[in-house]
Amino acid sequence: MLIDRQIEQLGLVVPCIKENFKNSTYDLTIGEIFPMGTESKESGRGLNEYWLEPSSMVAVRTTEKVVLPSHVTGLATLVTSLTHDGLLCLNVGVIDPGYDGHISAFLVNFSSRPRKIALNHRLLRVLFFTHNTVQKLEPLKNQKATYQSFLKNKASNEFSNTFLDSAGLTELARKSAWKVVLDAFFSKWINVVSVLIAVLSLAVAVITYLSASQ
C-alpha cells in the first residue's frame, strides 16, 4: 500500500495537501455541493454549506482529482466523523486504475438531526494499492465541467431530496389502500351472494320436495 510521500510523488491526488494525509490514507475534501430534487433548482450552485435534514440526500464533489496509473487502485470510504453523525455514502468504493477526475458522493442522513455539509470539510478516506500493471487498461478521464453538469442533472432531475421519495410512497400507499378497500368490499359481497344462492337453492329444494309430497 502507498503512503504519504509515495502518494505525492506519484501524483495520485491533485492538489495534494500535506495536512490531508492521515497515517496511511489521504482525506479528500468537499469541493462542491449539489442539493437534490426541487432544492437543486431553488438553491442553484455556489453553496458554501448545506444543512442536510434527516432522511434527506445531497450530492457532493471532491475538491481534489484522483489520477491513477495502470498499476494503482484506490479504495474510498466515508470519513469516520461523518459516519458517527449518521451519514451514509451510497456510492463509495473502488477507484479503478486509469481513472483521472474528481470523485462524487451521494450522502444520506440517517440520523434524527440536521447535519452540516460544508466546503473543504473532509469527505472520503482513500487507500492506494499497487499491483501488477493492467495490460488492457480502460482509462476514464472526467473533465471538471462535464462532471459538474452530470452531477447537477442527476441531482435535479433523477433524485428526490429525500432518500425515500415521500410523494411517490404516499401515492403508492393511497392506491394500495384503495385496492385493499375494494378487494375487501367485493370479497364481502361475493361471500354474501354465495350465501344467498345457497339459501335460494335450499328453499327451491324444500319447495320442490313439499310440492312432490302433496
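Position one of the sequence shown corresponds to residue -11 (my numbering), numbered consecutively onward. Where is the CB? At the ideal position from N, CA and C, for every residue including glycine.
8 Å contact criterion, which residue i and residue j should meet: CB distance rounded
i, j, result
"valine 80", "leucine 56", "In fact, because the Cβ distance is near 15 Å, the residues do not count as touching under 8 Å."
"valine 60", "leucine -2", "7 Å"
"glycine 86", "lysine 53", "Actually they are not in contact, since the Cβ atoms of glycine 86 and lysine 53 sit about 13 Å apart, beyond 8 Å."
"asparagine 92", "arginine 49", "Going by the sequence as given, residue 92 is serine instead of asparagine. Right, their Cβ atoms sit about 5 Å apart."
"glycine 34", "serine 144", "With 8 Å as the limit, glycine 34 and serine 144 do not qualify as a contact, their Cβ atoms being about 15 Å apart."
CA-to-CA distance, residue j to residue i, given in whole angstroms
i, j, result
"leucine 78", "leucine 16", "16 Å"
"valine 1", "glutamate 41", "31 Å"
"arginine -7", "threonine 13", "11 Å"
"leucine 66", "serine 137", "23 Å"
"leucine 139", "alanine 64", "19 Å"
"glycine 19", "asparagine 120", "32 Å"
"arginine 101", "serine 43", "9 Å"
"aspartate 73", "glutamate 7", "23 Å"
"threonine 134", "isoleucine -9", "30 Å"
"glutamate 126", "lysine 132", "19 Å"
"leucine 70", "lysine 124", "37 Å"
"histidine 109", "arginine 103", "12 Å"
The beta strand (DSSP E) enclosing residue i, as first and last residue numbers
i, result
"asparagine 97", "87 to 97"
"leucine 56", "First-last for leucine 56: undefined, no H or E at that position."
"leucine 0", "No beta strand (DSSP E) holds leucine 0; DSSP gives it neither H nor E."
Cβ neighbours of residue i in the same chain (closer than 7 Å, five flanking residues each side left out)
i, result
"tyrosine 38", "Ile21, Pro23, Val46 and Ile105"
"asparagine 36", "Ala106 and Leu107"
"methionine -11", "Ser12, Leu115, Phe116 and Phe117"
"leucine 157", "Note that leucine 157 has pLDDT 44, beneath the 50 cutoff, so the model's placement of it is unreliable and the number below is only indicative. None."
Residues that DSSP places opposite residue i in a beta bridge
i, result
"arginine 103", "Leu40"
"aspartate 15", "Arg113"
"valine 82", "Leu63"
"phenylalanine 9", "Tyr14"
"methionine 45", "Val96"
"phenylalanine 118", "The question names phenylalanine, yet the displayed sequence has threonine at residue 118. Note: threonine 118 sits in a beta bridge opposite Val60."
"phenylalanine 22", "Ala47"
"leucine 128", "Tyr87"
Limits of the unbroken alpha helix (DSSP H) element including residue i
i, result
"aspartate -8", "-8 to -3"
"leucine 75", "That residue, leucine 75, is in no alpha helix (DSSP H); its beta strand (DSSP E) goes 75 to 77."
"leucine 70", "68 to 72"
Contacts around residue i, its chain only, beta-carbon distance under 8 Å, and the 5 residues preceding and following it disregarded
i, result
"leucine 160", "Only weak support exists for where leucine 160 lies, its pLDDT of 47 falling under 50; the coordinates are left without a value."
"isoleucine -5", "Val1, Cys4, Phe9, Tyr14 and Phe116"
"valine 122", "Ser58, His59, Pro85 and Gly86"
"isoleucine 83", "Val54, Leu56, Thr61, Gly62, Leu63, Ala64, Ile91 and Val114"
Own chain residues within Cβ distance below 6 Å of residue i, not counting five before or after
i, result
"methionine 68", "Here residue 68 is threonine; the residue named in the question, methionine, does not match the sequence. Hits under 6 Å: none found."
"threonine 51", "Thr17 and Gly19"
"lysine 142", "none"
"asparagine 130", "Gly89"
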